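Novice: Residue numbers (our numbering): 2 to 112. The structure's right below; bear with me while I get my questions together.
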């Protein structure tokens, strides 16, 4: 649109922080505010959570550890949290394998 008015701000709103009354443009401008945040639960979902475990603490963080960097004492949750650290690194050899390697070539620099 080569006319001069196509590059100036819209005149149907008095300032930049207000939204237009044009329904399509208003919906496009406000769509981000109307969308629920990521991970938000509906009221029906929260009601189901409360009925399945009605105690207040079921919806708050675990209180059996004082900080986020500590691990819980629950065995299943502790194993799941520490499983990555307990796994041997890629290419690691067992003690039996190292012993066989030493016996096949006993010199110090073979490993």
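Here a beta-carbon is modelled for each residue, glycine too, at the ideal position from N, C-alpha and C. Just so we're clear, the structure is a prediction, and the values are computed from it rather than from any experiment.
Does DSSP put residue 39 in a helix, in a strand, or in coil?
Specialist: In the chain shown, residue 39 corresponds to position 38, counting from 1. Of the three classes helix, strand and coil, the one that applies to residue 39 here is coil, per DSSP.
Novice: Within the continuous alpha helix (DSSP H) that includes residue 91, where are the two ends?
Specialist: Residue mapping note: residue 91 aligns to position 90 of the chain shown, counting from 1. Neither: residue 91 is in no alpha helix (DSSP H) and is coded neither H nor E.
Novice: Could you tell me the alpha carbon to alpha carbon distance between residue 42 and residue 52, rounded to whole angstroms?
Specialist: Position 41 of the chain shown, counting from 1, holds the residue named residue 42. Position 51 of the chain shown, counting from 1, holds the residue named residue 52. Computed Cα separation, rounded: 15 angstroms.
Novice: In three-state terms, what does DSSP make of residue 105?
Specialist: For this step, residue 105 is matched to residue 104 along the chain shown. The answer is helix: DSSP assigns residue 105 an H, G or I state.
Novice: Once DSSP output is grouped into helix, strand and coil, what is the label at residue 26?
Specialist: The residue labelled residue 26 in the question sits at position 25 within the chain shown. Reduced to three states, the DSSP call for residue 26 is helix.
Novice: Taking Cβ positions, are residue 83 and residue 74 nearer each other than 8 angstroms?
Specialist: Within the chain shown, the letter at position 82 stands for residue 83. Within the chain shown, the letter at position 73 stands for residue 74. Contact: no.
Novice: Just the Cα atoms here: how many angstroms apart are residue 100 and residue 80?
Specialist: The residue given as residue 100 occupies position 99 in the chain shown. The residue given as residue 80 occupies position 79 in the chain shown. Rounded to whole angstroms, residue 100 to residue 80 spans 30 angstroms at the Cα level.
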